[in-house]
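Have a look at the structure below before the remarks.
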Amino acid sequence: MRHRSLLILTTSVTVGALTLSACGSRDDKSGGGDSGEKTTVVIGVDAPLTGDLSALGQGIKNSSDLAAKTANKNNEVDGVTFEIEALDDQGQAGTGQQNATKLVGNQEVIGVVGPLNSHVGQSMQKVFGNADLVQVSPANTAPELTQGPNWQKGQKKRLFGTYYRTCATDAVQGPYAAQYLYNKRKLKKAYIIDDKKTYGAGLAGTFADEFKKLGGTIAGTDHINPDDRDFSAVATKVAKSKADFVYYGGEYPAGAPLSAQISKAGSKALVVGGDALYSEEYIKLGKKNVEGDLATSVGAPLETLDTAKTFMKNYKAAGYKLPYEAYGGYAYDSTWAVIQAVKAVVEKNDGKLPDNKDEARKQVNEAMRDVKFSGVTGEVAFDKYGDTTNKQLSVYEVRNGKHKPVQTGTFQES
Amino acid sequence: MHGLPDQLANGLALGALYGLIAIGYTMVYGIVQLINFAHGEIFMIGGFGALTAYLWLPDGTGLALALPLMILLGVVCAVLVAIGAERFAYRPLRGGPRLSPLITAIGLSLALQQAVWAFYPDAKKARPFPQIGGADLDLGLVTVSREDLFIFVSAPVCMLALGLFVAKTRTGRAMQATSQDPDTAKLMGVNTDRIIVMAFAIGAAFAAIAAIAQGFKTGEVNFRMGFIAGLKAFTAAVLGGIGNIYGAMVGGLVLGVAEALATAYIGDIPGLEQFGGGSWKDVWAFILLILVLLIRPQGILGERLADRA
Chain A
0 MRHRSLLILT TSVTVGALTL SACGSRDDKS GGGDSGEKTT VVIGVDAPLT GDLSALGQGI
60 KNSSDLAAKT ANKNNEVDGV TFEIEALDDQ GQAGTGQQNA TKLVGNQEVI GVVGPLNSHV
120 GQSMQKVFGN ADLVQVSPAN TAPELTQGPN WQKGQKKRLF GTYYRTCATD AVQGPYAAQY
180 LYNKRKLKKA YIIDDKKTYG AGLAGTFADE FKKLGGTIAG TDHINPDDRD FSAVATKVAK
240 SKADFVYYGG EYPAGAPLSA QISKAGSKAL VVGGDALYSE EYIKLGKKNV EGDLATSVGA
300 PLETLDTAKT FMKNYKAAGY KLPYEAYGGY AYDSTWAVIQ AVKAVVEKND GKLPDNKDEA
360 RKQVNEAMRD VKFSGVTGEV AFDKYGDTTN KQLSVYEVRN GKHKPVQTGT FQES
Chain B
0 MHGLPDQLAN GLALGALYGL IAIGYTMVYG IVQLINFAHG EIFMIGGFGA LTAYLWLPDG
60 TGLALALPLM ILLGVVCAVL VAIGAERFAY RPLRGGPRLS PLITAIGLSL ALQQAVWAFY
120 PDAKKARPFP QIGGADLDLG LVTVSREDLF IFVSAPVCML ALGLFVAKTR TGRAMQATSQ
180 DPDTAKLMGV NTDRIIVMAF AIGAAFAAIA AIAQGFKTGE VNFRMGFIAG LKAFTAAVLG
240 GIGNIYGAMV GGLVLGVAEA LATAYIGDIP GLEQFGGGSW KDVWAFILLI LVLLIRPQGI
300 LGERLADRA
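Protein sequences appear in the order of chains A and B. Under numbering that gives the first Met the number 0, the first residue of the first sequence carries the number 0, and numbering increases by one thereafter. Under numbering that gives the first Met the number 0, the first residue of the second sequence carries the number 0, and numbering increases by one thereafter.
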């Protein structure tokens, strides 16, 4: 009897463990070796491919894949074939760091695209910094990732020379929303909620500072747990505060039910947030309760850019099952930036990458500084902190179940 | 304290939901002294069962027609999984060391979660759940959303039915007997195996109803929803006195109201601004749990732990 229970116990634990590890394991096959002349290099992609934020993550993965395939098809870099190795960070800092270590360990990896979440980016920076492996994030918007923890006091300091990003930061995104709401919408009374994560709290902070500076009043502030789905108590507080709108610093998985429950609590307040609310999933989850809600996103709407139209056409033609979502264009440009850096190194070294892999990584990272091209989201280039020089932002409104652009512009200090 | 009636209503709705899930913990514990940590996942499977029923119906089916079917399929899925878990994961370990079934429960919980993640279509992210819709009901003092109405109706009905079942029917009395002394109950001709399965099934059915209520409340079901809900419901069961079905509901209500009030008012107390709001509500709820257990270790309605444990 004892033996039998022990057997069953072990089996069930093993089954549980196997099921878990099955989600994480990927083939560790390294490319290369198929043809004599061509070198194959791998571009690592890290994003939440499962879990709440997978809609955004899968869009990033597919778009990076498209960029690599396009480069291979057009023979963008002579003698080099690109491959994608996509890892799932589930939106968790710890998993992201493990993935970073794994990518550094794979000698074929020449550059990394990702991650989605700022707090995950924070955990990966040092690993890549130590390995001289270049990282371009399509979606990290927390300012401290490039400008150091004291950026708000004006003491900007770049911490990791290997970190770049193609999207604008919350240092402009929050204030841009504040200006739009105060000046254009004439809304003066805000209720501010955040989810305490690097991204959410940072965004809510920059928004509140600018909104107060403009003369707006803050009816109340609250913080929620991003894993909760019952926000009825917070919603009632918002309704009783008679705020004109709620600024939510956080992501759509909690943002959509929050907005829906605020409507159900009898409040007319619309919910405004950053780029992490700019997802089709937000509308799918919140249904008609999120009608009229606003979200800012970095860059101009893809539909209006000529460079983006080709991207959208190719994305469709490639037959990916899931949409490219908010960061598809940025992921494509991030991947393209890595490809361009590889190209610069290859051209400098008489048509091939340095044989020493560490040396190759180092040179690609150095080449990233001078990368400049016309990408899906506009002109792509980086300043001395690794931030994009493209500071365009847009405001979107949910109308009839779709995000419609209502304003595009460049942030001006008030 | 403005908005107090509304906040109480929020707390009661949330608490009734916790209470319904807590019944499952408390019944199983009362009869086999097992903390069924996979119960949160049974709850989640109930939610997905109900969603399946809804998706399976043609588009545009009125909710009045869909709801009974959703409840039916949700309950059937949850009960089947619970019975299977009892038969294949717990029964073989009965009589073994007390820790073995506990570890099995944790393993089972992970396995069920990942199974839904892997095999339910598109369940890797939150799936939208149908909404009742329509204007909120204004009851004078409080406004109640139509989604919350479901839990306000279903929780009392379930409790009443369970109370009558346990007190009045033959099987119910056999259940009480098994809980008091399984060996003697067996000698008296009670089929204890059947009673144990029954306890798992009733708990699962209630959890499925709670999952539908949560689906209405938050507009979604996702594969991780069972973890937090299960933890809260377990807390509610302990708070009310584990092993006591009325205690589970009382514990749930106390916990729900405590969370709502902590979210709403702790921040207004001078000096505690830092500790108010939605992110601290769990801390306050657990402080309450510790205080209650310090004064009444057996829980609010708990009885003395007889001669076992």
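We put the beta carbon where it would ideally sit given N, CA and C, even for glycine. Here the structure is a predicted model, which means the values were calculated and not measured.
Secondary structure note for E84 (chain A): its beta strand (DSSP E) is the uninterrupted segment 79 to 87. A232 (chain B) sits away from Y53 (chain B), with the two beta carbons spaced by 8 Å or more. At least one CB of chain A lies nearer than 8 Å to the CB of E258 (chain B).
With contact defined as three or more Cβ pairs closer than 8 Å, the segment 390 to 405 of chain A and the segment 114 to 131 of chain B are not in contact. Per DSSP, reduced to three states, the secondary structure at I299 (chain B) is coil, with no helix or strand assignment. Relative to A134 (chain B), the option among A:Q121, A:A359, A:L293, A:G265 whose CA is nearest is A:G265. Taking a cut-off of 8 Å for Cβ pairs, the segment 341 to 360 of chain A and the segment 259 to 279 of chain A do not touch, as fewer than three such pairs fall below it. Contact check between the segment 132 to 148 of chain A and the segment 93 to 112 of chain A: three or more CB pairs, one atom from each, fall below 8 Å, which counts as touching. Taking 8 Å as the CB threshold, I41 (chain B) stays off the interface with chain A. Runs of beta strand (DSSP E) with 3 or more residues, each lying fully within the segment 342 to 370 of chain A, are absent. Within the segment 122 to 187 of chain A, the alpha helix (DSSP H) runs of at least 4 residues that lie entirely inside it are, in chain order, 143 to 146, 169 to 178. In this model, Q411 (chain A) and M123 (chain A) are separated by some 31 Å (Cα to Cα).
Within the segment 259 to 281 of chain B, contact with chain A at the beta-carbon level (separation under 9 Å) is assigned to A259, L260, A261, T262, A263, G266, G275, G276, G277, S278, W279, K280, D281.
Residue state for G133 (chain B) is assigned as coil, using DSSP reduced to three classes.
For the alpha helix (DSSP H) assignment, the uninterrupted runs of no fewer than 4 residues enclosed by the segment 159 to 210 of chain B are, from N- to C-terminal side, 169 to 179, 181 to 186. Annotation: N61 (chain A) has no Cβ neighbours in chain B at a cutoff of 7 Å; minimum Cβ distance is about 15 Å. Residue ranges of uninterrupted beta strand (DSSP E) with 3 or more members, entirely inside the segment 275 to 312 of chain A and ordered along the chain, are 293 to 297.
Spatial neighbours of V74 (chain B) in its own chain (CB-CB distance under 6 Å, excluding positions within 5 residues in sequence) are listed in chain order as A204, A207. By alpha-carbon distance to G246 (chain B), the top candidate from B:L230, B:M158, B:V141 is B:M158. Across the segment 213 to 235 of chain A, CB contacts with chain B closer than 9 Å involve G219, T220, D221, H222, I223, N224, D226, D227, R228, D229, F230, S231, A232, V233, A234, T235, in sequence order along the chain. Scanning A:V405, A:V245, A:L284, A:K241 for the CA closest to the CA of P256 (chain A) turns up A:L284. Sixteen is the threshold: when 16 or more other Cβ atoms of the shown chains lie within 10 Å of the Cβ of S144 (chain B), as they do, the residue is buried.
For P47 (chain A) against D77 (chain A), the beta-carbon gap comes to about 35 Å, at or over 8 Å, which does not count as contact.
The beta carbon of V78 (chain B) sits closer than 7 Å to the beta carbons of A200, A203, A204 from its chain, once the five residues preceding and following it are set aside; these are given in chain order.
Look at T49 (chain A): its C-beta is under 8 Å from a C-beta on chain B. The beta carbon of N35 (chain B) does not come within 8 Å of any beta carbon belonging to chain A, so the residue lies off that interface. Excluding residues up to 5 positions away in sequence, L62, R145, E146, L148, F149, F215 lie with their Cβ nearer than 8 Å to the Cβ of I131 (chain B) in the same chain. When the alpha-carbon of V253 (chain B) is set against those of B:N243, B:L288, B:A49, the nearest one is in B:L288.
For chain A, the residues of the segment 112 to 130 of chain B that bring a beta carbon within less than 8 Å of one of its beta carbons are Q113, A114, W116, A117, K123, K124, A125, P127, Q130, in chain order. DSSP links V379 (chain A) through a beta bridge to A:F372. Taking C-beta atoms as the reference points, A154 (chain B) and G18 (chain B) count as a pair closer than 8 Å. In the three-state reduction of the DSSP assignment, E324 (chain A) falls in the coil class. Listed along the chain, the chain A residues whose CB falls inside 8 Å of the CB of E219 (chain B) are R228, A255, P256, L284. In this structure, M43 (chain B) lies near G225 (chain B), with their beta-carbon atoms less than 8 Å apart. Inclusion of Y384 (chain A) and T165 (chain A) in the CB contact set at 8 Å is not warranted, their separation being larger than that value. By the Cβ criterion, the segment 181 to 201 of chain B is not in contact with the segment 199 to 212 of chain A, since fewer than three pairs of Cβ atoms, one from each stretch, lie closer than 8 Å.
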